[in-house]
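S.K.: Please find one structure pasted underneath; my questions will follow.
Right, dumping it as structure tokens:
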């Protein structure tokens with residue numbers, strides 16, 4: 178507060194005999210007393226007022242001179258909130274439809290305001306799910322902002338309650354936020370379809386991951402835009418990004434900080450908190466899990482983030498909601514059909530376009546996004562005709578035909594080997610003449626993040642905030658309604674040609690009987706329905722049945 182404002186406020190406090198706001202650390206009425214050598218006559222009531230007026234002016238001038246000539250804080254010390262207010266004008270305010278107000282500090286805006294980060298606007302968070310769920314058009318841009326915000330909230334909560342004890346510094350807070358912001362900057366197009374579906378087909382034995390690409394992209398952004406940042410801060414943020422369940426982290430000092438954005442220890446992280454809430458909202462689905470409760474009550478014990486024992490079911494809802502999203506949205510039968518067609522289109526186009534080769538150079542990779550389909554579609558190259566035809570089939574909803582699916586028996590889960598088109602073709606009946614290129618198989622795995630194991634076994638709980646002991650909780654101690662198995666593998670078979678659906682379906686049934694000794698499929702192959710095509714004539718309408 179400027180000096181003159183302090184003076185005016187002091188005068189108002191004396192006039193009204195009211196204490197100043199709590200941001201000032203004392204009250205004039207208790208800090209100053211004036212002893213007068215005389216008393217005012219009751220016959221002259223204005224004398225007291227005149228003296229008080231003169232005294233106030235004298236006191237105001239004295240206080241103003243004092244504040245201008247000394248650094249002493251005797252007068253009206255101002256809280257640190259003033260410095261926070263002065264910094265607020267440098268924050269970027271963003272209104273998010275999931276988390277509300279998000280504020281970006283200048284250091285993070287340097288990354289956001291680059292063409293490499295803005296590329297995330299052209300990567301749909303759910304890849305091709307919007308072809309089935311029209312509302313699922315949100316991008317990795319807003320998801321990254323959401324993870325940044327939740328990462329900051331999580332580390333701020335820990336610092337608030339355990340900061341001095343754990344030695345959390347501003348450096349640590351910045352590293353966690355930066356990791357949250359940039360964790361997906363290395364993602365390829367169409368969600369995980371590019372990474373897990375396309376690359377293994379064109380680069381035999383590919384182990385490429387978007388987390389590792391994010392590391393390269395961060396270095397590229399820093400170099401290209403001359404961002405002046407502590408190299409140790411960048412190093413720590415990149416390590417936090419790759420600290421996922423697929424990349425078990427080595428033990429480090431303050432390991433709990435590495436579990437906030439991508440938790441390789443037990444799978445509870447703010448990345449899941451955001452995409453579960455965001456994806457559920459976009460697809461019009463309910464969400465039983467609320468992350469706020471877990472974030473407000475978590476506590477670090479022995480370098481590990483632990484949770485109250487009463488939150489056991491809340492954590493189970495986290496993993497169950499994630500599994501439900503995988504089953505109903507991410508691996509929807511028609512979504513997978515479209516993904517398989519896009520993969521085939523990309524494989525056919527790859528020899529003529531720099532698709533797979535772009536993963537080796539960040540300078541090429543950042544230009545690769547979901548618009549690659551439009552690039553193929555609008556091309557007149559004869560070499561891309563097969564790819565164009567596949568994309569045209571998707572536009573016209575002439576998809577690969579779903580034949581059937583079955584869930585792998587639980588006793589076969591541990592040793593299950595992915596089923597291939599060759600397995601189906603080898604089980605065809607005589608006279609079908611199926612070829613491997615006529616059949617597509619999708620092996621879908623849905624789990625609670627740890628395969629056949631219970632993820633809650635690796636999570637530690639505490640009784641109350643005074644407790645010094647952490648412990649796991651067995652499911653049977655909480656409820657007998659919790660699942661006994663933690664993984665599903667669903668095998669789906671598709672026919673590329675509508676006229677071969679029946680033959681492929683029969684071959685699939687034969688394979689199940691031969692392999693598992695029973696027909697384990699979920700439902701019978703649906704008959705392809707007839708559609709009516711109408712032609713208009715001057716005398717009226719005539720319809721023709723077509724298949």
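Numbering (the working numbering), first residue to last: 178 to 724. C-beta atoms are modelled at their ideal positions from N, C-alpha and C, and glycine is treated no differently. Computed from a prediction, not measured in an experiment: that's the story for all the values here.
Assuming contact is defined by CB atoms lying nearer than 8 Å, are residue 673 and residue 602 in contact in what I supplied?
M.R.: Cβ atoms of residue 673 and residue 602: not closer than 8 Å.
S.K.: Can you confirm whether the segment 443-460 touches the segment 588-600 when touching is taken to mean that 3 or more C-beta pairs between the two stretches lie within less than 8 Å?
M.R.: The segment 588-600, when compared against the segment 443-460, does not touch it at the 8 Å Cβ threshold.
S.K.: I'd like the span of the beta strand (DSSP E) that includes residue 582, first residue to last.
M.R.: Start and end: 578-584.
S.K.: If residue 437 sits next to residue 332, beta carbons under 8 Å apart, how far is it from one beta carbon to the other, in whole angstroms?
M.R.: Confirmed, Cβ separation roughly 6 Å.
S.K.: Below 8 Å, can you find three or more Cβ-Cβ pairs linking the segment 337-349 to the segment 571-591?
M.R.: These segments do not touch.
S.K.: Keeping to the same chain, check which residues put their C-beta closer than 7 Å to that of residue 554; ignore five residues upstream and five downstream.
M.R.: Cβ within range, chain order: 565 and 568.
S.K.: Does the contact criterion of 3 or more C-beta pairs under 8 Å hold for the segment 678-692 versus the segment 634-651?
M.R.: Counting Cβ pairs under 8 Å, fewer than three are found: no touch.
S.K.: Sorted by chain position, which residues of the same chain lie with C-beta nearer than 7 Å to residue 318's C-beta, five sequence neighbours on each side aside?
M.R.: Counting only Cβ-Cβ distances below 7 Å, and skipping sequence neighbours, we find 297 and 298.
S.K.: Give me the DSSP bridge partner(s) of residue 281.
M.R.: Paired residues: 269.
S.K.: In three-state terms, what does DSSP make of residue 447?
M.R.: Here residue 447 sits in helix by DSSP.
S.K.: Between which two residues does the beta strand (DSSP E) carrying residue 619 extend?
M.R.: Here the beta strand (DSSP E) through residue 619 covers 616-624.
S.K.: Between residue 501 and residue 584, which are expected to be in contact by the criterion C-beta below 8 Å, what is the C-beta distance as a whole number of angstroms?
M.R.: Actually they are not in contact, since the Cβ atoms of residue 501 and residue 584 sit about 16 Å apart, beyond 8 Å.
S.K.: Just verifying my parser: in three-state terms, what is the DSSP assignment at residue 476?
M.R.: DSSP places residue 476 in strand when its eight states are reduced to three.
S.K.: Three or more beta-carbon pairs under 8 Å between the segment 506-513 and the segment 533-541, yes or no?
M.R.: The segment 506-513 is not in contact with the segment 533-541.
S.K.: Report the three-state DSSP secondary structure of residue 668 (helix, strand or coil).
M.R.: Looking at residue 668 - three-state DSSP - the assignment turns out to be strand.
S.K.: Considering only the alpha carbon of each residue, which of 605, 371 and 626 lies closest to residue 690?
M.R.: Ranking 605, 371 and 626 by Cα distance to residue 690 puts 605 first.
S.K.: Pick out the complete beta strand (DSSP E) segments inside the segment 292-375, 3 residues or longer, and give them in chain order.
M.R.: Qualifying beta strand (DSSP E) stretches: none in this window.
S.K.: Within 10 angstroms of its Cβ, does residue 448 collect 16 or more other Cβ (buried), or is it exposed?
M.R.: Buried, by the Cβ-count rule.
S.K.: Would you mind sorting residue 295 into buried or exposed? The rule is 16 or more other CB atoms within 10 Å of its CB.
M.R.: Exposed: under 16 other Cβ atoms inside 10 Å.
S.K.: With a cut-off of 8 Å on the beta carbons, I'd call residue 363 and residue 387 a contact; round off their distance for me.
M.R.: The pair is a contact, with the Cβ atoms about 5 Å apart (cut-off 8 Å).
S.K.: To the nearest angstrom, how far is the alpha carbon of residue 695 from that of residue 685?
M.R.: Cα to Cα, the separation comes out at about 12 Å.
S.K.: Going by Cα to Cα distance, which pick from 611, 433 and 367 is closest to residue 477?
M.R.: The shortest Cα separation from residue 477 among 611, 433 and 367 belongs to 433.
S.K.: Here's the rule I'm using: 16 or more other beta-carbon atoms within 10 Å means buried, otherwise exposed. How should residue 726 be labelled?
M.R.: The requested residue 726 is not part of the displayed model; the chain covers only 178 to 724.
S.K.: How many angstroms separate the CA atom of residue 304 from the CA atom of residue 520?
M.R.: Roughly 12 Å separates the two Cα atoms.
S.K.: Since residue 328 contacts residue 354 with CB under 8 Å, what's their CB separation in whole angstroms?
M.R.: Residue 328 to residue 354, Cβ: 6 Å. Contact.
S.K.: For the beta strand (DSSP E) containing residue 482, list its first residue and its last residue.
M.R.: That run of the beta strand (DSSP E) goes 481-485.
S.K.: Label residue 365 either buried or exposed according to how many other C-beta atoms from any shown protein chain fall within 10 Å of its C-beta, with 16 as the threshold for buried.
M.R.: When all chains shown are included, residue 365 counts as buried.
S.K.: Mind checking whether residue 631 and residue 671 have CB atoms under 8 Å apart?
M.R.: No.
S.K.: When DSSP labels each residue in this structure, what does residue 496 get in the three-state scheme?
M.R.: Note: residue 496 maps to helix in three-state DSSP.
S.K.: For residue 561, I'd like the list of residues in its chain whose CB is within less than 7 Å of its CB, leaving aside the five on either flank, ordered along the chain.
M.R.: 526, 529 and 553, listed in sequence order.
S.K.: Kindly indicate the opening and closing residues of the alpha helix (DSSP H) around residue 409.
M.R.: Counting along the chain, the alpha helix (DSSP H) containing residue 409 begins and ends at 408-418.
S.K.: Please return the same chain residues whose Cβ sits closer than 8 Å to the Cβ of residue 260, not counting the five positions on each side in sequence.
M.R.: Unreliable positioning characterises residue 260 in this predicted model, as indicated by a pLDDT of 46, which lies under 50. The coordinate reading is nonetheless provided below. Closer than 8 Å at Cβ, skipping near neighbours: no residue.
S.K.: What is the rounded straight-line gap between the Cα of residue 210 and the Cα of residue 643?
M.R.: Low confidence applies to residue 210: its pLDDT is 43, below 50, so where it sits in the model is not reliable, and the reading given next is rough at best. If you take the alpha carbons of residue 210 and residue 643, they lie about 46 Å apart.
S.K.: Using only the alpha-carbon positions, how far apart do residue 311 and residue 367 sit?
M.R.: Rounded to the nearest angstrom, the two C-alpha atoms are 15 Å apart.
S.K.: If you run the structure through DSSP and keep just helix, strand and coil, what is residue 648?
M.R.: Three-state DSSP puts residue 648 in a strand.
S.K.: Could you check which residue in 461, 462, 429 and 472 has the C-alpha nearest to that of residue 450?
M.R.: It is 472.
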